[in-house]
Amino acid sequence: MTTSFNPLDEISQELKLSLAQVQTTVSLLDEGATVPFIARYRKDRTGALDEVQIRQIEERLKYWRELEERRQAILKSIEEQGKLTPELAKTLAAVRNKTELEDLYLPFKPRRRTRAQKAREAGLEPLALIMRLQRERLAPSEKARAFLSEQITDPEMALLGARDILAEEISEDARLREQARENLRNFGVITSRLARGQKEDSPEAAKYRDYFDFKEPVKKIPSHRYLALRRGEGEKVLSLKIELEAERLLERLRRQLQIQPNAWGDQVRLALDDAWERLLLPSLESEILSELKLQADQTAIEIFAANLRDLLMSAPFGTRPVLGLDPGLRTGIKCVALSPTGQYLEDTVIYLVQNENRAKEAFFKLFNKYQPAAIALGDGTGSRETEKAVRAWLKEAGQKPVFVRISESGASIYSASEIARQEFPDLDLTVRGAISIGRRLQDPLAELVKVEPRSLGVGQYQHDVNQTALAAKLDQIVESCVNQVGVELNSASAPLLERVSGLGPKLAKEIVAHRDQKGAFASRQELRKVKGLGAKTYEQAAGFLRIREAQNPLDNTGVHPEHYAVVERMARDLGVAVAELPKRPELLPQLSLKNYQAGDVGEHTLKDILLELQKPGRDPREQFEAPVFREDVQELEDVKPEMLFEGRVTNITAFGAFVDIGVHQDGLVHVSQLSHRFVRDPQEVVKVGQTLRVQVLDVDYKRRRIQLTAKL
0 MTTSFNPLDE
10 ISQELKLSLA
20 QVQTTVSLLD
30 EGATVPFIAR
40 YRKDRTGALD
50 EVQIRQIEER
60 LKYWRELEER
70 RQAILKSIEE
80 QGKLTPELAK
90 TLAAVRNKTE
100 LEDLYLPFKP
110 RRRTRAQKAR
120 EAGLEPLALI
130 MRLQRERLAP
140 SEKARAFLSE
150 QITDPEMALL
160 GARDILAEEI
170 SEDARLREQA
180 RENLRNFGVI
190 TSRLARGQKE
200 DSPEAAKYRD
210 YFDFKEPVKK
220 IPSHRYLALR
230 RGEGEKVLSL
240 KIELEAERLL
250 ERLRRQLQIQ
260 PNAWGDQVRL
270 ALDDAWERLL
280 LPSLESEILS
290 ELKLQADQTA
300 IEIFAANLRD
310 LLMSAPFGTR
320 PVLGLDPGLR
330 TGIKCVALSP
340 TGQYLEDTVI
350 YLVQNENRAK
360 EAFFKLFNKY
370 QPAAIALGDG
380 TGSRETEKAV
390 RAWLKEAGQK
400 PVFVRISESG
410 ASIYSASEIA
420 RQEFPDLDLT
430 VRGAISIGRR
440 LQDPLAELVK
450 VEPRSLGVGQ
460 YQHDVNQTAL
470 AAKLDQIVES
480 CVNQVGVELN
490 SASAPLLERV
500 SGLGPKLAKE
510 IVAHRDQKGA
520 FASRQELRKV
530 KGLGAKTYEQ
540 AAGFLRIREA
550 QNPLDNTGVH
560 PEHYAVVERM
570 ARDLGVAVAE
580 LPKRPELLPQ
590 LSLKNYQAGD
600 VGEHTLKDIL
610 LELQKPGRDP
620 REQFEAPVFR
630 EDVQELEDVK
640 PEMLFEGRVT
650 NITAFGAFVD
660 IGVHQDGLVH
670 VSQLSHRFVR
680 DPQEVVKVGQ
690 TLRVQVLDVD
700 YKRRRIQLTA
710 KL
């Protein structure tokens, strides 16, 4: 049996897209096209859908296909039980969501022996039917005598068994379940209390003090608060429940069950109360808590994903020499000189605590030799003391390189990884860490792709959310950013190449191996010689790969090789060589795009081609701008209310943004302090890496907390 509707129609209506757009996108996805490829090179077929819209189609398609697979499994199960009626089959075919499907399947679901099943086995089903109909003239206790047996020894036992059957039927009625579910969603209240056996003053419980006697409506609780409650429950500090003033709901259900004002009606009333307390409420409470967890996970994952995108798309310092510093007081400060392209040149270790003069001498030996345009300082232990000393040395020497503090999140994981060992087999872990810090300044994207995204420190409750869903979303973001920027084929690392549309880890390694054995790629066309790289992969990947010194200048642009013939026609029509086009953008307005439209090459594709010719190999990332920290305030103790700072946004959560103001303790700009207008989502107004002017509202020196405002 098939559904009584078209899922693609449903997706079209849900996402407010035309059916043709959805059908085309689904067809491309099913053919193996990647989301970045469809968004960039199939605009004329999809009506210029962007990556977000294509991902939405992909996700909804997955949902509908899973729903259909489950529908077929349920139909088969009910049919094998001999209970599939034409009416039930028709009802199942019309179902549009997983919850409704499971509700309809509940009465037929194989399960362990319940109280109701035991009562049926004892022959009490006819009594349950009499009870439900409420028409019997004999009193319940009298009628029940007809059902006594060796198992059922008195009338009350028979009535209890009949009520068990009726309670189960009520709890499995799809219509009644949905009403009860909606009631819990709309009127339920989440309560949190200190778990049994926990002490209020225990260290584990202290951080959850605000939730020892907590209540909030189900429909209003924000994601971050619910995840905090779940974490407290997981640590066995808190106990969570959903409470509901159920009388209004039960009265509605009594009316629907048409409970009569007689003794049999009293039995049905008892069965309904039992169904609610014993079966419906626990089942639906668990369901609603799971729903809330899913919603909270989605919100937290979206926040993490947006933060990760901003971090990966941070402005690169560019191809200029850099000195990377990994601070350490006891073990010494690891200093590494990097070439403009991030190549390791030399390293040294300076010991600030033991002998500052000797440390200064060692620092300037490296600094003067390589003349770095910037210093990248890791923000780990010892960074405060390192920064203070190095800034003083530079000031004394009249040197003014750009000085940037870099997040070390994930650097230690990278330095001990197989990737780092392959890159620098002869270097110590700590030196690899300093290299990573310096490279993060030069090109954040190229370096951060080597680290598992969850280790980058820009999430909210990242360890509490569904890890599979989180990993999948973050992978999408990394893939999106890498393909948006493009990758230099002859210098990219394997971890960067594997994120290119259509490639993956195996082909990325093959490309690097081919490059090592045969030398640099002279053209995109040479990619076809890489072992295992076929026509489909070439189609998906080629446009996102750049070759700086290519024989064909188009190989260093975002123009796809399948469109080179169009550009060649344009050049002929303008009377110049293809190589001249990027150098003479003033000629391009002379072209009439209509003359080049044919097949899959439409207006959107042609406009993209012109953009690439105007700015070949353009980088969508912003220009680098280092925040200018106050030199008179370097410690938390120096910070006072009403002080003004220029800082850098380091993390965004649902409740606000954390800002580095140069005192080694990020301050919080609460969502209510981000703008003079109402802000629902902090990411509407700020992003990770952004420079932000803020003022201090309050400082808690004991708890090391700084409250800031951006409402200047």
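Going by numbering that gives the first Met the number 0, the sequence shown opens with residue 0, and the numbers climb by one from there. We put the CB at the ideal spot given by N, CA and C, even for glycine. Note that the coordinates shown come from a computational prediction; the quantities given were computed from them, not determined experimentally.
Under the 8 Å Cβ criterion, the stretch 214-232 counts as touching the stretch 444-461, having at least three qualifying pairs.
Relative to the Cα of Leu226, the nearest Cα in the group Glu68, Leu14, Ser191 and Lys639 belongs to Ser191. For Phe402, the enclosing beta strand (DSSP E) begins and ends at Val401 to Ile405. Residue environment for Pro320: buried (at least 16 other C-beta atoms within 10 angstroms of its C-beta). In this structure, the CA atom of Arg523 is about 11 Å from the CA atom of Pro552. A check of alpha carbon separations from Ile302 across Thr652, Arg692 and Gly666 identifies Thr652 as the nearest. Burial of Asn182 is indicated by the presence of at least 16 other C-beta atoms within 10 angstroms of its C-beta. Here Arg111 carries a coil assignment [DSSP, helix/strand/coil]. Residue pairing from DSSP places Asp697 in a beta bridge opposite Gln706.
His663 carries a coil assignment under DSSP once its states are collapsed to helix, strand and coil. Counting C-beta atoms within 10 angstroms of its own C-beta, Val51 has fewer than 16 neighbours from the protein chains shown and is therefore classed as exposed. By the criterion of a C-beta distance shorter than 6 Å, Thr330 is surrounded by no residue of its chain, once the five residues flanking it on both sides are discounted. Taking all protein chains shown into account, Asn96 has fewer than 16 neighbouring C-beta atoms within 10 Å of its C-beta and is therefore exposed. Assigned with DSSP and collapsed to three states, Phe657 falls in strand.
No Cβ-Cβ contact shorter than 7 Å links Leu105 with Ala161. Secondary structure remark: continuous beta strand (DSSP E) runs of at least 3 residues inside the stretch 260-323: none found. In this chain, the beta strand (DSSP E) harbouring Ile651 covers Leu643 to Thr652. The shortest C-alpha to C-alpha distance from Tyr207 to any of Gly231, Arg514 and Gly598 is the one to Gly231. Assignment of Ile349 by DSSP, reduced to helix, strand and coil, places it in the strand class. For Glu250, the enclosing alpha helix (DSSP H) begins and ends at Glu246 to Gln255. Every unbroken stretch of the beta strand (DSSP E) spanning 3 or more residues and falling wholly within the stretch 333-389 is given here in chain order: 343-349 and 373-377. Non-local beta-carbon contacts of Tyr210 in its own chain, meaning distances under 8 Å to residues more than five positions away in sequence, involve Ser191, Ala227, Leu228, Gly231 and Leu237 in chain order. Counting along the chain, the unbroken beta strand (DSSP E) around Lys214 starts and ends at Asp212 to Pro216. Between the stretch 167-179 and the stretch 238-252 there are three or more C-beta pairs closer than 8 Å, enough to call the two in contact. As DSSP reads the structure, Arg545 sits in a beta bridge with Glu487. Here Pro315 really is in contact with Asp442; their C-beta atoms are around 5 Å apart, less than 8 Å.
Asp697 counts as exposed, since fewer than 16 other beta carbons sit within 10 angstroms of its beta carbon. CA-to-CA, the gap between Pro371 and Asn354 works out to about 24 Å. Across the structure, Pro615 and Asp607 are spaced so that their CA atoms are roughly 11 Å apart.
The C-beta separation of Val389 from Ile405 comes to about 14 Å, leaving the pair out of contact by the 8 Å criterion. In this structure, the straight-line span from the alpha carbon of Arg131 to that of Leu158 is close to 12 Å. The beta-carbon separation of Met312 and Cys480, rounded to 6 Å, stays under the 8 Å limit for a contact.
Ranked by how close their Cα comes to the Cα of Glu561, the residues Pro260, Pro588 and Ala540 have Ala540 in first place. Excluding the 5 residues flanking it on each side, Thr45 has same chain C-beta neighbours closer than 7 Å at Gln20, Thr23, Thr24 and Ile37, in chain order. Lys240: member of the beta strand (DSSP E) spanning Leu237 to Glu242, first to last residue. A direct Cα-Cα distance of roughly 50 Å separates Val575 from Cys334.
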